[in-house]
Amino acid sequence: MADHGDLIESVYRHAVGFANEVGGPIRRLKVTVGEVSLEAEWPAPGDPGPPVPHLADLNGHHAPAPRPEPPTAAVAVVQSPMVGTFYRSPEPGAPPFVKEGDMVTPGQQVGIVEAMKMMNPVQAATAGRVTKALAEDAGAVEYGQALFALEEG
Amino acid sequence: MADHGDLIESVYRHAVGFANEVGGPIRRLKVTVGEVSLEAEWPAPGDPGPPVPHLADLNGHHAPAPRPEPPTAAVAVVQSPMVGTFYRSPEPGAPPFVKEGDMVTPGQQVGIVEAMKMMNPVQAATAGRVTKALAEDAGAVEYGQALFALEEG
Amino acid sequence: MFDSVLIANRGEIALRVARTCKEMGIRTIAVYSSADEGSPVVRLADEAVRIGPPQAKRSYLYAPAVLQAAHQTGAQAIHPGYGFLSEDADFAEMCRAEGLTFIGPPPEILAMLGDKAEALRVLSGAGIDVLPGTHRPIATAGEAADAAAGIGFPIIVKALAGGGGRGMAIARRPAELADAYAQARTSAQAVFGDERVYLERYVESARHVEVQVLAGTDGQVLHLGARDCSVQRRRQKLIEETPVPGLPERDANRLCEQVVAAARAIGYVGAGTFEFLLDDAGRFHCIEVNCRIQVEHPVTEMITGVDLVREQLNVAATGGPGITQQDIRLNGAAIECRINAEDPARGFLPSPGTIEALTLPAGPFTRVDEYVRPGMSIPPFYDPLLAKVSVWAPDRDQAIARMERALAECVVSGPGIRTTTGFLTSVLAHPLFRDGKHTTALIENLSVA
Amino acid sequence: MFDSVLIANRGEIALRVARTCKEMGIRTIAVYSSADEGSPVVRLADEAVRIGPPQAKRSYLYAPAVLQAAHQTGAQAIHPGYGFLSEDADFAEMCRAEGLTFIGPPPEILAMLGDKAEALRVLSGAGIDVLPGTHRPIATAGEAADAAAGIGFPIIVKALAGGGGRGMAIARRPAELADAYAQARTSAQAVFGDERVYLERYVESARHVEVQVLAGTDGQVLHLGARDCSVQRRRQKLIEETPVPGLPERDANRLCEQVVAAARAIGYVGAGTFEFLLDDAGRFHCIEVNCRIQVEHPVTEMITGVDLVREQLNVAATGGPGITQQDIRLNGAAIECRINAEDPARGFLPSPGTIEALTLPAGPFTRVDEYVRPGMSIPPFYDPLLAKVSVWAPDRDQAIARMERALAECVVSGPGIRTTTGFLTSVLAHPLFRDGKHTTALIENLSVA
């Protein structure tokens with residue numbers, strides 16, 4: 001006999017089709033074609049127990065994974081004032097303006113964004129401790145992109 | 001051996017067609033043609049408990065948003081079995097089959113829907129008191145349109 | 001012109017017909033089953049009548065309910081769309097008896113062309129090449145064996161009442177004939193309730209080509225060029241295009257002129273499509289005539305500028321189309337893709353469900369024929385066609401690129417919903433399709449691979 | 001052809017340009033302000049760069065940010081769309097200096113035609129009829145009075161840097177001239193930062209007609225027919241159509257040929273539009289040249305089958321369009337309506353807000369150019385254009401009926417959102433519009449009535 005693939009597929013398809021078309025709470029469903037048979041049973045009304053395997057899942061639809069929550073309160077971010085290339089240091093090889101753990105004060109320069117060959121200072125707007133450098137040195141940044149995370153205070 | 005496709009399709013079609021056609025609460029259905037068989041079982045009528053998830057729902061087909069329930073419980077509606085012209089009386093000038101306040105019994109004729117020059121009786125499905133005539137005499141009605149409201153009991 | 005037309009259909013074609021009626025100032029009446037309450041045609045039509053429950057047999061296929069709705073609303077004519085009652089000679093006859101204009105060929109033509117074997121006999125008599133075959137029902141396996149010897153293998157045994165690729169079986173060698181014959185009969189009986197079958201030469205690898213015609217009652221017959229619908233799965237079309245790739249204009253014209261002559265000879269009336277297999281040797285064999293508007297009509301509209309539904313209405317109301325052959329110029333190339341609620345990864349399993357996010361393509365030279373709306377539930381009872389995306393371009397390569405762009409814009413999602421969009425994109429990218437060298441076997445080969 | 005193009009615009013035109021780039025296999029880079037995060041072009045483009053805050057001056061109008069984004073993404077060319085930097089000679093010059101191709105005319109042409117008075121002088125020299133006027137700045141009220149005597153009343157005082165119907169005032173009699181002169185100067189200074197004004201004969205009642213051209217660097221200039229844009233409010237177009245209703249084909253051709261000759265004479269390059277007033281006496285007076293793609297280009301695309309953005313790219317990349325005048329046939333009629341987020345009942349007050357329900361028209365011969373999506377917030381910072389609905393038909397009457405059908409399908413609603421849809425429907429129904437006898441005064445008269 002030829003391959004079973006199409007037959008299984010067909011039985012499956014017809015079982016799902018049947019369940020969809022007739023609607024209503026089916027209790028038990030069995031489709032047999034020659035050697036191929038598909039049988040499903042749903043819990044009796046009242047049955048608690050483990051969740052019924054969703055046909056929807058079988059059908060390939062998965063719920064999107066929950067997104068990670070953003071970090072919590074009292075966190076500020078230093079954003080890029082323009083699109084350009086971000087530099088953490090005044091010049092190549094020099095130490096960075098700020099590093100993780102440093103305290104910054106409002107107005108303190110924390111980096112440079114170069115746009116159209118102009119060097120534009122980036123300043124902290126609030127006081128706080130630098131908890132993370134979020135943008136790569138010498139990398140492209142967009143307007144408003146987060147450059148540093150600060151813990152305020 | 002050649003493909004089973006048409007046979008499966010046919011068994012399937014006939015099973016769906018039958019289930020839909022006869023309507024009502026089928027308990028168990030089995031269609032067999034040669035090697036092909038389709039078998040389905042629905043929960044027993046008296047089964048209480050939480051509603052079993054619909055196969056349709058599992059497959060992602062959500063029931064439309066719940067419609068507002070008709071006023072209170074124990075209210076039934078007599079619906080038009082077809083599109084046509086609704087008559088409340090057996091003939092022009094005659095008294096209506098039923099009027100507001102009348103008690104009806106299951107199977108009692110409560111009106112006529114004329115479609116394609118055929119007079120089709122409309123019967124009450126449940127017992128109850130007619131609380132309101134909802135469709136105009138000699139007016140056009142759609143399939144499923146509410147003709148009378150009943151208070152069951 | 002009619003004051004009012006009842007649209008005896010659902011889904012995208014009901015909306016399509018309603019759009020043209022509205023443009024022509026015709027009052028439109030929609031009919032719908034209780035599964036189609038939310039369909040936009042119900043809102044856009046001037047009137048809408050719920051004619052039955054979800055099952056098509058008790059609503060869209062139930063002639064008395066449709067006719068009753070027509071009477072109640074004072075409709076003058078009925079447009080049947082495609083499928084359902086569109087090629088039903090009895091329904092067309094009932095319309096006539098009831099004084100309603102059926103927008104389509106007269107019942108006699110529907111009856112003649114609806115009998116597949118008789119249709120081929122008649123077409124053959126009208127000078128159209130058809131495949132070697134019996135063109136009449138075969139009553140016994142012995143008779144089948146005799147006929148097969150004259151036809152030559154491979155042979156396909158087909159239900160007389162057939163359609164949609166069902167009720168048929170193939171015999172590649174004489175030894176397989178008896179089985180194929182028996183199987184086709186069983187299947188024909190099961191599917192169509194009519195066990196009669198006939199024999200025909202089976203063409204293994206072919207292009208599917210068709211010619212759109214428009215015929216008046218006065219013998220005026222126009223053609224609107226040829227389409228290619230070779231991208232099919234289980235004989236259901238997925239991609240349609242015009243002109244036919246690789247077919248020289250001269251050959252296409254010759255085919256179209258043959259069809260026009262045959263349509264005139266058999267007294268065809270209305271819009272219709274003559275379907276052909278184009279074999280390896282470059283010969284066209286007519287396989288059937290579709291006596292209605294087709295799903296793929298937009299590609300023809302895009303290269304001709306002719307509104308085919310408008311012309312159907314013109315023929316039905318005035319006896320002739322509002323245009324002549326001279327008005328029809330075939331310009332550029334057009335492609336249509338069918339966005340179906342189906343899961344190509346699971347053998348095109350229908351995937352009805354609720355549409356949550358919906359974006360259909362737009363922009364230059366892009367047409368959409370749809371009936372879906374965000375939040376709408378797609379009922380499981382009917383055809384899975386959600387929307388048709390059609391594009392036009394000066395040539396086929398640009399049209400393919402445009403279609404790829406358009407499909408990339410499509411978002412149709414929701415619990416349970418799968419669509420053919422991604423699959424269509426992969427077909428467009430297939431080298432055989434690119435080269436216009438694909439046959440009706442393309443998708444089968446793709447799926448195996 | 002370019003490998004990559006940065007689209008320096010937003011809204012529907014950014015998406016429109018991206019669509020053609022995708023079809024041509026060009027990598028697209030979108031730039032966007034933080035108000036436009038949700039715009040579909042951000043998702044559909046191959047790359048997207050946020051270049052600034054909502055205010056256009058700091059994002060879409062800020063050349064350094066746009067150029068920086070082009071460098072960072074390795075873009076080869078910049079398509080400026082319409083508005084914003086599209087006719088900015090300095091920006092075109094900066095692109096050239098930076099080694100980027102500006103998709104539009106060279107800076108010299110932009111500078112020459114951007115100075116309204118000089119443009120008219122040059123066009124007049126190239127054989128195009130312009131209105132009597134000073135065609136140079138007028139420095140004092142006395143000088144204005146002298147010039148006015150030679151021009152004849154009514155007179156309009158216009159900002160040299162003007163556009164969009166701002167920075168202008170009308171004097172119907174000599175007694176009103178001093179006031180109009182003072183008012184126009186004040187307004188010109190306020191709006192454009194340039195108080196220079198000039199005088200021109202004012203045409204009270206006119207049709208607004210324009211000719212689309214496409215010019216290569218090799219002196220090849222094509223025209224794509226004429227459009228009528230007479231349905232305007234405060235000089236902003238609401239409905240555009242082609243061909244020009246009531247204008248005999250011979251006259252339209254003569255106008256188009258004059259424009260082609262003038263464009264060649266002044267060395268025009270790229271896509272451009274020559275705008276005219278057509279007065280009661282049937283004379284055309286050129287009022288300006290738009291050196292960019294226009295909002296209303298789809299109607300021309302629909303009757304010619306030419307993708308104008310593709311041809312802009314062809315000219316910019318290869319020096320000439322990919323078509324010749326012989327390829328361009330003007331077929332049928334097309335109309336475009338602008339669906340703006342504005343409240344016609346409140347003097348077309350912009351009505352930004354969040355779009356909850358959205359259905360745009362579809363179906364036969366209907367095109368939509370949009371950027372709105374359900375759930376999207378329409379930012380209050382920019383042009384209120386949400387979508388353009390365009391239709392094609394064999395003739396104007398059918399096109400109007402089709403547009404009425406299409407507008408009836410439009411649903412754009414949400415808190416705060418009002419659109420021009422209903423208003424457009426009433427304009428289409430106006431007897432003057434139906435007869436094609438309307439002038440630019442139509443809407444003012446409607447609003448008064």
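Protein chains in written order, with the UniProt record's numbering: chain A, 1 to 153; chain B, 1 to 153; chain C, 1 to 449; chain D, 1 to 449.
Just so you know, even glycine gets a beta-carbon here, dropped at the ideal spot from N, CA and C.
Please read these numbers as outputs of a predicted model, since none were measured by experiment.
For residue i, which residues in chain A fall below 9 Å Cβ to Cβ?
i     : result
E39/B : R28, L29, K30, V31, T32 and E39
Going by C-alpha to C-alpha distance, which of the options sits closest to residue i?
i      : options                           : result
T20/D  : A362/C, T420/C and T439/C         : A362/C
V104/A : R28/A, M116/A, A149/A and G139/A  : A149/A
A281/D : T425/D, S39/D, V203/D and A45/D   : V203/D
V269/D : L277/D, V260/D and E275/D         : V260/D
Y371/C : D395/C, A393/C, P394/C and A341/C : A341/C
D102/B : A127/B, L38/B, I112/B and Y143/B  : A127/B
E133/D : K158/D, G142/D and A139/D         : Reading off the sequence shown, one finds Gly at residue 133/D, where the question assumed Glu. That would be K158/D, whose Cα lies nearest to the Cα of G133/D.
V231/C : L446/C, C95/C and G353/C          : L446/C
Interface residues of chain C around residue i at Cβ under 9 Å?
i      : result
A362/D : L15, R19, L360, A362, R367, V368, D369, E370 and A387
A401/D : K22, E23, M24 and G25
E301/D : P364 and F365
Specify, as a first and last residue, the run of the beta strand (DSSP E) that residue i falls within.
i      : result
Y181/D : Looking at the DSSP string, Y181/D is not in any beta strand (DSSP E); the run it does join, the alpha helix (DSSP H), is P174 to F192.
S413/C : V411 to S413
E118/D : E118/D -> not in any beta strand (DSSP E); alpha helix (DSSP H) instead, spanning K116 to G125.
L147/A : A146 to E152
What are the start and end residues of the alpha helix (DSSP H) that includes residue i?
i      : result
F423/C : T421 to A429
A141/C : A141 to I151
A331/C : Checking the sequence, you will find Asn at residue 331/C rather than Ala. Run containing N331/C: none; DSSP gives neither H nor E here.
T73/D  : A63 to T73
At a CB-CB cut-off below 7 Å, which residues of chain B make contact with residue i?
i     : result
A45/C : Ordered by position in chain B, no residue passes the 7 Å Cβ test against A45/C, which lies about 14 Å from the chain.
What residues of chain C sit near residue i, judged by a beta carbon separation below 8 Å?
i      : result
E142/B : V49, R50 and I51
E257/D : Correct list: empty, because the minimum Cβ distance to chain C is about 24 Å.
R405/D : R19, K22 and E23
Can you tell me which residues form a DSSP beta bridge with residue i?
i      : result
I339/D : A387/D
M103/A : R129/A
F365/D : The partner list for F365/D (beta bridge, DSSP) is empty, contrary to what the question assumes.
I156/C : I170/C and E200/C
T273/C : Q212/C and N290/C
H79/C  : I7/C
D228/D : V209/D and E241/D
A100/D : Per the sequence shown, residue 100/D should be read as Leu rather than Ala. For L100/D, which the question treats as bridged, DSSP gives no partner whatsoever.
H438/C : Note: H438/C sits in no beta bridge, so no partner.
Please list the partners that residue i has in chain D, where partner means a Cβ-to-Cβ separation under 7 Å.
i      : result
G332/C : G305
P374/C : P374
Give the residues of chain A in contact with residue i, contact being defined as C-beta atoms less than 7 Å apart.
i     : result
P64/D : A115 and M116
Against residue i, what residues of chain D qualify as contacts under a CB-to-CB distance less than 8 Å, listed in chain order?
i             : result
R396/C        : The contacting residues do not exist; R396/C stays about 13 Å from chain D at best.
residue 155/A : The first residue shown for chain A is 1 and the last is 153, placing residue 155/A beyond what the model contains.
Inspect the CB distances between the segment 182–200 of chain D and the segment 214–222 of chain D and report whether three or more fall short of 8 Å. no
How do the segment 38–45 of chain C and the segment 65–75 of chain C stand: do at least 3 beta-carbon pairs fall below 8 Å, yes or no? no
Whether or not the segment 320–333 of chain C and the segment 207–220 of chain C are in contact is what I'm after, with contact meaning three or more pairs of Cβ atoms, one per stretch, closer than 8 Å; do they touch? Touching, yes.
Three or more beta-carbon pairs under 8 Å between the segment 102–111 of chain D and the segment 73–81 of chain D, yes or no? Segments in contact, yes.
Does the segment 29–36 of chain D come into contact with the segment 45–62 of chain D, if we say contact requires no fewer than three beta-carbon pairs (one atom in each stretch) closer than 8 Å? yes
If you pair each beta-carbon of the segment 349–360 of chain C with each one of the segment 251–267 of chain C, do three or more pairs fall below 8 Å? no
The segment 329–339 of chain C touching the segment 120–140 of chain C, judged by at least three CB pairs closer than 8 Å: Taking a contact to require three or more Cβ pairs closer than 8 Å, the segment 329–339 of chain C and the segment 120–140 of chain C do not qualify as touching.
The segment 84–96 of chain B touching the segment 135–145 of chain B, judged by at least three CB pairs closer than 8 Å: Segments in contact, yes.
Does the segment 368–386 of chain C come into contact with the segment 305–319 of chain C, if we say contact requires no fewer than three beta-carbon pairs (one atom in each stretch) closer than 8 Å? no
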